[in-house]
Amino acid sequence: MRVKSICVAGIGYVGLTTGTCFADLGNRVCCVDVDRAKVQGLNSGELPIYEPGLEELVLRNHRAERLLFTTSYEEAMADADFVFIAVNTPSGANGEADLRYVNACARSIAETMTKPIVIVNKSTVPIGTGDWVANVVTQHLPEPIPFSVVSNPEFLREGSAVHDFLQPDRVVLGSSDSEAAAQVARLYLPLRCPILITDIRTAEMIKYASNAFLATRISFINEIASICQSLGADVKEVALGMGYDKRIGHAFLDAGLGWGGSCFPKDVRALAHMAAIHGCHPQLLRAVMEINHDQRRQVVQKLRDQLGSLYQKVVAILGLSFKPNTDDMRDAPSVEVIRLLQTEGAMVRAYDPVAASVAAKILPDVELCASAYEAARGADALVVATEWNEFKHLDLEKIRDSMRRPVVVDGRNIYEPSIMRQLGFTYQGIGRP
Ligand code: NAD
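Okay, so the sequence shown: first residue is 1 according to our numbering, each after it adds one.
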């Protein structure tokens, strides 16, 4: 069988992982991005993102010339059997998904298409976008060429993107063209996972409903955490006890600073927006978002409880990325907490194992430290904002001795309250007595 030729448009977390993994499965992949610096970096072996295991796969497939990077749609589209759209779909001013990058991408695809092709949309897009993309392409085709659109939402998680792509729980494909969906399904056959083929709108909705459900679980346990706190129960044990129930399970039941990142916040907002403009009342989704903001405010209140006014107090933040094993800081809980602290006049310093260079761009007024120990030195309080493994193994006595006041607010419940108190810390977790 002829090796399939794939164009991937957008070389971010999703596009780079998708392109690289498809190349590793034996396809010929050309990734295209409008970001010249990113493409130049990749062509000289530098990855634009931190993602465990990805670098080795990129370098190996790039050397084998199965994986190419370009800024030219002409080059990437020449000979392509499939083009995957993996561009960003950020939040617009009212929470709606901003489709300007998908629009530009669809136009470029139309302008450079030379033969029949399957357009596969991997970006998370509002319900109905598949038909809209088909219209954009039709309008910008210089001459009629047949094409099909397939929705193929992506479920990978940053921090384990390669693993998730190669060992997915399921692949979802939506199309009105069953042959096009079958062709895309064949690309995924080596992964030996369930493949659900449905219509485009349903496929698009599966992505939003999945993310909203996971965010809801976290907000649910955070609401339970607040109740635990008031009533003297321990939310960690409560979640453990709940999770043994097979109908519930243990995943996504960690109380803490709440959900963040490049997907959950924008996707829950976009779903709520879509619902509202179509006359639905997304009350649950609104509560899920509000509880999430409350978690950040609670941390600041816990600091006030210990320190009084935060004006000119030094607060050390451990962890900046929205979760461990990634340098992604988009909508990271740490950023909201830092802004709240700065509004009250606190002086913030921070340490993150990998996100320092990203943080330097978006938090210019935060002192970035080279280690957790450096961040803690002389601080009035320390806040754990991301549960990086290395924070679980710190020399806590050294930390305590170097702080001006041994106040710890553990926004991820990584330490045991009794041990922290024995060590002499004034310690508060989330939802723990
Ligand atoms: P990203 O911001 O990391 O990357 C997007 C890339 O697209 C950027 O490199 C940008 O330069 C490029 N781009 C923008 N316009 C372009 C154009 N016209 N042509 C070519 N390239 C263009 O985004 P991401 O995190 O990879 O997310 C991509 C999509 O996948 C989003 O819709 C997101 O919601 C969805 N998604 C993301 C994740 C995740 O964990 N990051 C998981 C599942 C789904």
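Idealized CB from N, CA, C, for every residue including glycine.
- Message: Can you list, in chain order, the residues of its chain with a C-beta nearer than 8 Å to that of residue 300? Leave out the 5 residues immediately preceding and following it.
- Response: 310, 337, 340, 341 and 344
- Item | Per-residue burial, residue 86 [other beta carbons within 10 Å of its own, 16 or more giving buried] | buried
- Task: Would you list, in sequence order, the uninterrupted alpha helix (DSSP H) runs of no fewer than 4 residues that lie entirely inside the region 261-304?
- Result: 264-277
- Message: Could you compute how far the alpha carbon of residue 63 sits from the alpha carbon of residue 349?
- Response: 41 Å
- Task: Below 6 Å CB to CB, which residues in the same chain sit around residue 432 once its five sequence neighbours on both sides are set aside?
- Result: 234 and 417
- Task: May I ask whether a heavy atom of the ligand NAD can be found less than 7 Å away from the beta carbon of residue 88?
- Result: yes
- Item | Opposing strand residues paired with residue 117 [DSSP bridges] | 147
- Return yes when the Cβ of residue 321 is within less than 8 Å of the Cβ of residue 355, no when it is not. yes
- Query: Hey, would you say the C-beta of residue 13 is under 7 Å away from at least one heavy atom of the ligand NAD?
  - Reply: yes
- Task: Flag residue 21 as yes when its Cβ comes closer than 7 Å to any non-hydrogen atom of the ligand NAD, and as no otherwise.
- Result: no
- With residue 328 as the anchor, note down where its alpha helix (DSSP H) starts and where it stops. Counting along the chain, residue 328 falls outside any alpha helix (DSSP H), and DSSP gives it neither H nor E.
- Task: Return yes when the Cβ of residue 17 is within less than 8 Å of the Cβ of residue 165, no when it is not.
- Result: yes
- Minimum C-alpha distance to residue 357 - residue among 329, 377 and 372: 329
- Look at the alpha carbon of residue 254 and the alpha carbon of residue 413, and state the distance between them as a whole number of angstroms. 8 Å
- Task: Give a single yes or no on whether residue 158 has its beta carbon closer than 7 Å to a heavy atom of the ligand NAD.
- Result: yes
- Return yes when the Cβ of residue 285 is within less than 8 Å of the Cβ of residue 270, no when it is not. no
- Task: For the alpha helix (DSSP H) containing residue 338, list its first residue and its last residue.
- Result: 333-343
- Residues near residue 379 in its chain [Cβ-Cβ closer than 6 Å; skip 5 each side]: 314, 316 and 403
- What distance in whole Å lies between the Cβ atoms of residue 105 and residue 10, which are believed to be in contact at a cut-off of 8 Å? 7 Å
- Under a three-way DSSP split, which group does residue 386 fall into? coil
- Beta-ladder partner(s) of residue 196, from DSSP: 172
- Taking all protein chains shown into account, do 16 or more other C-beta atoms lie within 10 angstroms of the C-beta of residue 215, making it buried, or fewer, making it exposed? buried
- residue 149 to residue 366, Cα distance in whole Å? 45 Å
- Could you check which residue in 394, 399, 374 and 408 has the C-alpha nearest to that of residue 383? 408
- Does the ligand NAD have a heavy atom nearer than 7 Å to the CB of residue 155? yes
- Message: Tell me which residues share the same chain as residue 172 and place their Cβ nearer than 6 Å to its Cβ, disregarding the 5 neighbours each side in the sequence.
- Response: 153, 196, 203 and 206
- How big is the Cα-Cα spacing for residue 98 and residue 274? 12 Å
- Tell me, which residues are paired with residue 9 by DSSP? 32 and 85
- Message: Could you compute how far the alpha carbon of residue 372 sits from the alpha carbon of residue 23?
- Response: 39 Å
- Where residue 349 falls: helix, strand or coil (DSSP): strand
- residue 361 Cβ short of 7 Å to the ligand NAD heavy atom set: no
- Considering only C-alpha positions, which residue in the set 306, 243 and 108 is nearest to residue 140? 108
- Item | Bridge partner(s) assigned by DSSP for residue 91 | 97
- Query: Under the three-state reduction of DSSP, which class applies to residue 427: helix, strand or coil?
  - Reply: strand
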